[in-house]
Amino acid sequence: MKGVSRRRFLFCSLALGLGARAAAAQGLPEEQDPFGGALPGEEQSFDPALLPPPESPIDFPIEEIPPRRIKKRFRRQMVEFDGPEEPGTLVVDPDERFLYHVLAYGSAVRYGVGVGRSGFEWAGAAQVGMKRRWPRWVPPADMVARDPRARPWANGQPGGPDNPLGARALYLYDNGEDTLYRIHGTNEPQSIGKAMSSGCIRMLNQDVAELFDNVIVGTPVIVRPSQGG
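In the numbering used here, the protein residues as written are 4 to 232.
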């Protein structure tokens, strides 16, 4: 399967719902902030010197979303899995709105997810290149220019419960390069099971925290092509 297709304009986590342990960044020693600067010809006020820390210095408690708020099929559960992927692989089915963590041949933990809305779908193979707890979010320059809700965060929003990347983020890389796609938490639990993000994969904070603890940097990730479901 070809590597993840790149869309420079993806803003990942947003349908824009902007609403004590610090872990060191794992993976590459220096983060490239793909959402931090302007595209050629764009004006922007981004100042990298003002970026907040890559992760919040506070490991906030995660508020559990009651199961009754999530449709039964999108709740975390053990399921049979008949795909060909090796144990340890993360497999995203965007049409069904599921992410599978393959544990062994024939079984997986299945999570309900939110996926990219029409025009922002993607598919391919990648690897977890970096992991972060309560990561910062840096909106792209053109979003800052057009959306007053993003404007206060032109130089980055610190990680925390109100941050649209949620409690955890897995950064997807292809051949050592950041694809700009993420598997991350959300402060919009109503988006689980829906196609409303700008390309990234959203999970409940409690689910992405479990996944974060159970995968390592280098974990393979497969996103199946959408059939228009």
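C-beta atoms are modelled at their ideal positions from N, C-alpha and C, and glycine is treated no differently.
Please list the terminal residues of the continuous beta strand (DSSP E) segment that includes residue i.
| i | result |
| --- | --- |
| Gln80 | Gln80 to Phe84 |
| Phe101 | Phe101 to Ala107 |
Figure out for me which residue from the options has the closest Cα to the Cα of residue i.
| i | options | result |
| --- | --- | --- |
| Phe84 | Lys75, Asp62, Tyr114 and Pro64 | Tyr114 |
| Asp50 | Val141, Val118, Gly169 and Arg78 | Val141 |
| Val226 | Ser59, Pro164, Leu175 and Asn166 | Leu175 |
Name the one or two DSSP bridge partners that residue i has.
| i | result |
| --- | --- |
| Glu180 | Asp177 |
| Asp62 | None, per the DSSP bridge assignment. |
| Ile225 | Val94 and Ala128 |
| Trp156 | According to DSSP, Trp156 bridges with nothing at all. |
Give me, in chain order, the residues of the same chain whose beta-carbon lies closer than 7 Å to that of residue i; leave out the 5 immediate sequence neighbours on both sides.
| i | result |
| --- | --- |
| Ile65 | Ala170, Asn208, Gln209 and Ala212 |
| Glu88 | Val94, Val105 and Ile225 |
Within 10 angstroms of the Cβ of residue i, are there 16 or more other Cβ atoms? Answer buried if so, exposed if not.
| i | result |
| --- | --- |
| Gln80 | exposed |
| Glu67 | exposed |
| Pro97 | buried |
| Gly231 | exposed |
| Lys74 | exposed |
Near residue i, which residues of its chain fall below 6 Å by C-beta distance, leaving aside the five closest residues on each side in sequence?
| i | result |
| --- | --- |
| Ala153 | Pro142, Met146 and Val147 |
| Pro168 | According to the sequence shown, residue 168 is Leu rather than Pro. Within the same chain, Leu168 has close Cβ partners Ser16, Pro138, Trp140 and His187. |
| Gly162 | Glu58, Ser59, Trp137, Pro138 and Arg139 |
| Phe101 | Arg113 |
With a CB to CB cut of under 8 Å and the five nearest residues on each side skipped, what residues in its chain are close to residue i?
| i | result |
| --- | --- |
| Leu3 | The structure shown has nothing for residue 3, since the chain only spans 4 to 232. |
Counting along the chain, where does the alpha helix (DSSP H) carrying residue i start and finish?
| i | result |
| --- | --- |
| Leu214 | Asn208 to Asn217 |
| Asp50 | No alpha helix (DSSP H) holds Asp50; DSSP gives it neither H nor E. |
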